[in-house]
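**Student:** Following this message is one structure expressed as structure tokens.
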Amino acid sequence: GAVVSQHPSRVICKSGTSVKIECRSLDFQATTMFWYRQFPKQSLMLMATSNEGSKATYEQGVEKDKFLINHASLTLSTLTVTSAHPEDSSFYICSARDLKEANEKLFFGSGTQLSVL
Amino acid sequence: TQLLEQSPQFLSIQEGENLTVYCNSSSVFSSLQWYRQEPGEGPVLLVTVVTGGEVKKLKRLTFQFGDARKDSSLHITAAQTGDTGLYLCAPPRGHKLIFGTGTRLQVFP
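Read top to bottom, the protein sequences are chains A and B. Note that the first sequence covers residues 980 to 1096 in the working numbering. Note that the second sequence covers residues 447 to 555 in the working numbering.
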């Protein structure tokens, strides 16, 4: 089955610094990838849709200048948390859809645990 | 905004017990997916239900889509510790997937 690789799996950074998270589709091309955020004991909240070669589409309430998304190729999307603060500490998960798969199946990365000190 | 309310929010049971979790909405969906997420991992698709009233079985898991396609349930028979995780329902909406509020299941030995 399709595999989505997310890196790093865990990152700790100081307040005010920026952190970049990568999401790669390993054996398929993904024109669209999705970024989710998950706080402890909560569900996944969709942050934005990353579109290859064009601007990302952000969900209501998500600051586009804070969470920069770049989807420069058909296999790579990046999420950069700029000027991170402790309240940005969360589990970030990316996903991508393999268009060859039936039933609109999404494949998820294994997530990135961000801790901002 | 999450359109899907899942209940219960938390469930803690002993191995061997049966359980049912629910996914409810006021909206009608063309299809609904169920995922399970284990700690520190991404969600994994369990099933997609499409037809109102549809019942799908996956070993000890039974999924049902409501007749009106507004709700769904997941029944687990003889729960095992390996069933522990966060269960999420989500209707595919075009390209996007918006998850329900989730049910966190803990199965104790």
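We put the CB at the ideal spot given by N, CA and C, even for glycine.
List the residues that DSSP assigns as beta-bridge partners of A/Q985.
**Tutor:** By 1-based counting over the first sequence, the position of residue 985 of chain A is 6. Partner(s): A/C1002.
**Student:** Using only the alpha-carbon positions, how far apart do A/I991 and A/Q985 sit?
**Tutor:** In the first sequence, counting from the first residue as 1, residue 991 of chain A sits at position 12. In the first sequence, counting from the first residue as 1, residue 985 of chain A sits at position 6. Approximately 16 Å, taken between the alpha carbons.
**Student:** Check whether the region 535–555 of chain B touches the region 449–458 of chain B, taking contact to mean three or more Cβ pairs, one atom from each stretch, closer than 8 Å.
**Tutor:** Per the Cβ contact rule, the region 535–555 of chain B is in contact with the region 449–458 of chain B (3 or more Cβ pairs under 8 Å).
**Student:** Please name the residues in the region 1004–1032 of chain A whose beta-carbon is closer than 9 Å to at least one beta-carbon of chain B, in chain order.
**Tutor:** T1011, F1013, Y1015, Q1017, K1020, Q1021, S1022, L1023, M1024, L1025 and T1028
**Student:** Anyone know if the C-beta pair for B/V495 and B/S477 falls short of 8 Å?
**Tutor:** Against the second sequence, residue 495 of chain B aligns to sequence position 49. Against the second sequence, residue 477 of chain B aligns to sequence position 31. Yes. Within cutoff.
**Student:** 8 Å is my cut-off, CB to CB: does B/K542 come that close to chain A?
**Tutor:** Within the second sequence, residue 542 of chain B is the residue found at index 96, counting from 1. It does; some Cβ of chain A falls within 8 Å.
**Student:** For A/A1075 versus A/V983, is the C-beta distance shorter than 8 Å?
**Tutor:** On the first sequence, position 96 is the one that residue 1075 of chain A refers to. On the first sequence, position 4 is the one that residue 983 of chain A refers to. In this structure, A/V983 lies closer than 8 Å to A/A1075 by Cβ.
**Student:** Report, in whole angstroms, the separation of the C-beta atoms of B/T523 and B/V553, which I expect to be a contact under 8 Å.
**Tutor:** Taking the first residue of the second sequence as 1, we reach residue 523 of chain B at position 77. Taking the first residue of the second sequence as 1, we reach residue 553 of chain B at position 107. At roughly 12 Å, the Cβ-Cβ gap does not stay under 8 Å, so B/T523 and B/V553 are not in contact.
**Student:** Against chain A, which members of the region 487–506 of chain B pass a CB distance test of less than 7 Å?
**Tutor:** E487, G488, P489, L491 and T494
**Student:** Using the beta-carbon count (16 or more within 10 Å), is A/R989 buried or exposed?
**Tutor:** As a position in the first sequence, residue 989 of chain A is number 10, starting the count at 1. Its Cβ having fewer than 16 others within 10 Å, A/R989 is exposed.
**Student:** B/K503 bridges to which residues according to DSSP?
**Tutor:** Here residue 503 of chain B refers to the residue found at position 57 when the second sequence is read from its first residue. Looking at the DSSP assignment, B/K503 forms a beta bridge with B/T508.
**Student:** If distances are taken between C-alpha atoms only, which option among A/Q1017, A/S1029, A/T1059 and A/S1069 comes closest to A/I1000?
**Tutor:** Position 21 of the first sequence holds residue 1000 of chain A. Closest option to A/I1000, Cα to Cα, is A/T1059.
**Student:** So, B/L534 versus A/L1023, is the Cβ gap smaller than 8 Å?
**Tutor:** Numbered from its first residue, the second sequence carries residue 534 of chain B at position 88. Numbered from its first residue, the first sequence carries residue 1023 of chain A at position 44. Yes, they are a contact pair.
**Student:** State buried or exposed for A/T996, treating a residue as buried only when at least 16 other CB atoms are found within 10 Å of its CB.
**Tutor:** To locate residue 996 of chain A, count along the first sequence from 1; it is residue 17. Counting Cβ neighbours within 10 Å, A/T996 comes out exposed, since fewer than 16 surround it.
**Student:** Given that a residue counts as buried once 16 or more other Cβ atoms are within 10 Å of its Cβ, and exposed if not, what is A/L1005?
**Tutor:** What you label residue 1005 of chain A is simply residue 26 of the first sequence in a count that begins at 1. Looking at its Cβ environment, which holds fewer than 16 other Cβ atoms inside 10 Å, A/L1005 is exposed.
**Student:** Could you check the C-alpha separation between A/D1044 and A/M1012 for me, to the nearest Å?
**Tutor:** Translated into positions along the first sequence, residue 1044 of chain A becomes position 65. Translated into positions along the first sequence, residue 1012 of chain A becomes position 33. Near 19 Å, if we compare the C-alpha coordinates of A/M1012 and A/D1044.
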